[in-house]
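Heads up: the sequence lines are chains A and B, in that order. Just so we're aligned: 163 in the working numbering is position 137 of the first sequence, and the numbers increase by one with no gaps anywhere. Just so we're aligned: 131 in the working numbering is position 105 of the second sequence, and the numbers increase by one with no gaps anywhere. Backbone N, C-alpha and C fix where the C-beta goes; we use that ideal spot for every residue, glycine too. Bear in mind the structure is a predicted one, so any value in this text is a computation, not a measurement.
Protein chains: 2
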Amino acid sequence: MRAAKRHTAFRRRQIGEAILAMMARDGIAGLSTARLARRVGLVPSALYRHYKNKDEMLDAAIDLIGERLLAQASRTRAATGDPIRQLELLLAAHARHMPENQAIPQLLFSEELSLGPVSRRRRTHQKLRRYIGEIEQIIRVALAQGRTRPAADARTMSIMFMGLVQSAGIYWRLSGRRFDVARYLRQAWRLFRGLLV
Amino acid sequence: MRAAKRHTAFRRRQIGEAILAMMARDGIAGLSTARLARRVGLVPSALYRHYKNKDEMLDAAIDLIGERLLAQASRTRAATGDPIRQLELLLAAHARHMPENQAIPQLLFSEELSLGPVSRRRRTHQKLRRYIGEIEQIIRVALAQGRTRPAADARTMSIMFMGLVQSAGIYWRLSGRRFDVARYLRQAWRLFRGLLV
DNA sequence: GTATAATGTGAACAAGCGTTCACAATAATG
DNA sequence: CATTATTGTGAACGCTTGTTCACATTATAC
């Protein structure tokens, strides 16, 4: 059956989101144009009406990831003014969206990042830096309010914060989704929190 | 030129170490039997004299990783009796061997782990659990000696500890090897240490 | 020293990959 | 309504992949 004719903008978003979903499960390397097309409901060659080649499709997906991360951050900052509470909410969101968000660590460690064009690594680096920058700002505010004299700067702590999520993701994935992410992150948060207040 | 005839045990080790080295740079997906064979100095078909198929080669490499991790841990525990110092040494070792050890995170997030046989995921899970178990024991000793009443159990803290290394690895890789891992881990260590003593 | 087992080689294979292209169908424009 | 631009289709391409197999070479065992 022939697929409906939709605008390129629509298809581009469809394709981007399909890539994200597929990356979350199977990583970026097992992602073939054939499977991607099937998921979107098109024939492989149809993808090339909307993107020049596979590289452009992947880059679009990376942009999507960056957008979502930043949206998550700003949504959290809007929810409350308390920096400590913001970090807590952020961790909870990561725990809640662990399945879909696996696309992120999959991407960060994909071989595409080392084998593919340098521009892609830089693009990804930039997205992550922005997100960590958001966290760093929150931590800076928290440190200003807190009573402790911290043993490290806000940037170090923001990378550590990301490490909490990463380690949870690894273990969750490796355990066959059995590892209790929410519990771990709650405990880890209690420790991390102690470094701030 | 025809390659020398070596015993299978010798070739197996050669192949395993070649996989590790190649994984560290390019991940596990870009790893083809052709490139692997060239690196070992053989012709692709020769690999099949020593392993039944590619899956078996990868499993062997995973075993090698496990061995190295445990060796690292026991070497560190032998170096000093002080648990705090042990953890510090372990972090320093991770910083020093970051380039070679990239094979580990590459493996942990490889799509081979989700697409490949379940046995491989379990195998990897087991290796990592053993290593984290070692860290957990060290932390347990440290907590018993310390004066603080910890806000989380030793297992949580051991996963957090691994998270330090992971986040450093991500950033280092993404920054094009420019990120100062040693500096970051020193600072992160000061924070983590504060949770123990 | 001869037979036997172990290891290496090159050719060949089927399958999957990303991509191109002529052509068909549909939507947008006049 | 006619024209034109846009989107979808199926076949075909060159390439890489993992693997097998008959055959050549070398080490080991008797």
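For residue i versus residue j, is the C-beta distance shorter than 8 Å?
| i | j | result |
| --- | --- | --- |
| ALA207/B | TRP215/B | Note that residue 207/B is Val in the sequence shown, not Ala. Taking 8 Å as the Cβ cut-off, VAL207/B and TRP215/B do not qualify as a contacting pair. |
| ARG156/B | LEU116/B | no |
| LEU139/B | ARG148/B | no |
| ALA178/A | LEU217/B | yes |
| ILE165/A | SER184/A | yes |
| GLU160/B | ALA99/B | yes |
| MET49/B | ALA104/B | no |
| LEU134/B | THR150/B | yes |
| ALA55/A | GLU137/B | yes |
| PRO143/A | ASP89/A | no |
| ALA129/B | LEU57/B | no |
| GLY220/A | LEU190/B | no |
| SER201/A | MET186/B | no |
Using the Cβ count rule (16 or more neighbours within 10 Å means buried), how would you classify residue i?
| i | result |
| --- | --- |
| VAL223/A | exposed |
| SER71/B | exposed |
| ALA30/A | exposed |
| SER145/B | exposed |
| GLN171/A | exposed |
| PRO131/A | buried |
| ARG204/B | exposed |
| ARG175/B | exposed |
| ARG173/A | exposed |
| ARG37/A | buried |
When the Cα atoms are used, what is the spatial distance from residue i to residue j?
| i | j | result |
| --- | --- | --- |
| GLU114/A | VAL167/B | 29 Å |
| ARG181/B | GLU162/B | 6 Å |
| THR102/B | HIS120/B | 12 Å |
| GLY67/A | PRO109/B | 57 Å |
| ARG28/A | ARG75/A | 15 Å |
| ARG2/A | ASN127/B | Any question about residue 2/A goes unanswered here, given that chain A covers just 27 to 223. |
| LEU18/A | GLN152/B | No information on residue 18/A is available, as it lies outside the stretch 27 to 223 that chain A covers here. |
| GLN40/A | GLY53/A | 18 Å |
| THR59/B | LEU84/B | 11 Å |
| GLU43/B | THR106/A | 51 Å |
| GLN112/A | ARG122/A | 15 Å |
| ASN79/B | HIS33/B | 18 Å |
| LEU211/A | PRO125/A | 15 Å |
| TYR77/B | LEU73/A | 39 Å |
| ILE91/B | GLN213/A | 29 Å |
| VAL69/A | ARG209/A | 43 Å |
| ARG51/B | ILE158/B | 24 Å |
| LEU141/A | LEU154/B | 26 Å |
Query - Whole alpha helix (DSSP H) elements within the segment 89-137 of chain A, 4-residue minimum - result: 109-122, 124-127 and 129-134
Query raised in the report: Which runs of the alpha helix (DSSP H) spanning at least 4 residues fall entirely within the segment 50-93 of chain A, listed in chain order?
Result: Counting only runs of at least 4 residues, the segment 50-93 of chain A fully encloses the following alpha helix (DSSP H) elements, listed from N- to C-terminal order: 59-66.
Query - Ordered list of alpha helix (DSSP H) runs contained in the segment 135-183 of chain A, each at least 4 residues - result: As far as the segment 135-183 of chain A is concerned, its whole alpha helix (DSSP H) runs of at least 4 residues are 138-141 and 144-171.
Query - Any alpha helix (DSSP H) of 4 or more consecutive residues that is wholly inside the segment 182-222 of chain A - result: 207-220
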